[in-house]
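Numbering (the working numbering), first residue to last: -5 to 339.
Glycine included, each C-beta is placed from N, C-alpha and C at the ideal position.
A quick note: this is a predicted structure, and the numbers were derived from the prediction, not measured.
What follows is a set of notes on a single structure, which appears directly below.
Structure below.
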C-alpha cells in the first residue's frame, strides 16, 4: 500500500510540472507576439524616379561632364603639369612633346638646360631644344625626321598620382593621321614622370598594337645646365667602349672614364649603361644620370657655336642606337628608364 501512495504522489508531481511548463510556454509566446516588429512599408518607386531626375543633364556634344557639375571639352588638356615636393623640389612637364623642361632640386638648383636659340617652350610651335626631349621612333638621322616625331607632338595626359613620397604624371602617345602618313605602325608610347625628394624619374613603356613586330631606335636628348664647359668633367664607365664619332665618322675605343669638352663632340659610346656624372665646379654640383633598357650613351656639344649658347649646356643621352624590336601584343611591354639627380659638392 505505501508503494501505491508513492506512485500516486509521483504522478501528481509530474502532472503539476507539465502544467507549469505549458503555462510558461504560453506566456513566452504571448510576450514574443507583443514585441514583434511591424513589417517595413514598401519603398515607393517615386523615390527612385526623383533620384534619377536629379542627375546631371547630359553633356553637350563634344564635351564631357566633370565631378563638380561643369563640362569639359573632350580632348582639352592642360598645356603643362607641375610636379612638386614638400622639400621644394619642382619639375614642369609640357603636354607638347612630353618634355620635362625644368627640374629644380630641393636646394634650388636648376638641372635641365637649353640651347640659346631654342623656341619659347610655351609656344608649342616646334620641338623644344632643351629639357628632356623624347626621341622616338627614331634616334638621330634616318628615314624619318631627325630624332623622330614624338618630341614634336602633343601627348595625352592620362593620370595624376601624388603621395608623400612622390608626385607623378602619366602621359601617352598614340598614332594619329599625321603619324600614319610617315610611319604606319600601331603603337602606344607611354611614360610616367615621377618627382621624388631627391630625383626625377622617367619610366617609358612601348606597346605594339599592330599585327607584326616593328623596330625602333630611341632615347632621351637630355640638355643639362652648366656654368661653363671649362668647369665641367663628365665621368662614366667609358674605358674600353666602342665609339662612333658622328662629327668625323671615325670609330674607335674610349681610353678614359673622364671626358673634358674642348671641341665639338657627338660621340656614341656603345654598350655603356652605367651611371654617368657631370661634375661642375662652377655651380658646385654633381648631376648623375642613370638608366635601364637603353643600350648606349651619347655625349653631344656644339662647342664653339655661339648661336646655340654652347657654353651653357651639355647633352648626355641614354639611347638605343641600334634597332630594338617591339613584339606584338598589348601585354608585351618593352620598358626603358632614366633617373636624374643632382647634389651640391
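- In the three-state scheme derived from DSSP, where H, G and I count as helix and E and B as strand, residue 122 is classed as coil.
- Nearest in C-alpha terms to residue 99, of all of 162, 111, 81, 187, is 81.
- Here DSSP, grouped into helix, strand and coil, assigns residue 148 to strand.
- Boundaries of the beta strand (DSSP E) around residue 272: 270 to 274.
- The three-state reading of DSSP puts residue 240 in coil, since its state is none of H, G, I, E or B.
- In this structure, residue 212 lies away from residue 117, with their beta-carbon atoms at least 8 Å apart.
- Of the candidates 191, 309, 70, 70 places its Cα closest to the Cα of residue 89.
- The DSSP-derived three-state label of residue 79 is coil.
- Between residue 123 and residue 326, the alpha-carbon positions lie close to 32 Å from each other.
- Under the Cβ criterion (8 Å, minimum of three pairs), the segment 102 to 117 does not count as touching the segment 127 to 142.
- Counting other Cβ atoms within 10 Å of its Cβ, residue 241 stays below 16 and is therefore classed as exposed.
- Secondary structure note for residue 86: its beta strand (DSSP E) is the uninterrupted segment 84 to 88.
- Membership of residue 264 in the beta strand (DSSP E) is indicated by the continuous run 259 to 264.
- The segment 156 to 173 makes contact with the segment 188 to 195; the number of CB pairs closer than 8 Å reaches 3 or more.
- If one requires a minimum length of 3 residues, the beta strand (DSSP E) runs lying completely within the segment 148 to 203 are 150 to 156, 161 to 167, 181 to 190, 193 to 202, in chain order.
- DSSP places residue 208 inside the beta strand (DSSP E), whose first and last residues are 208 to 214.
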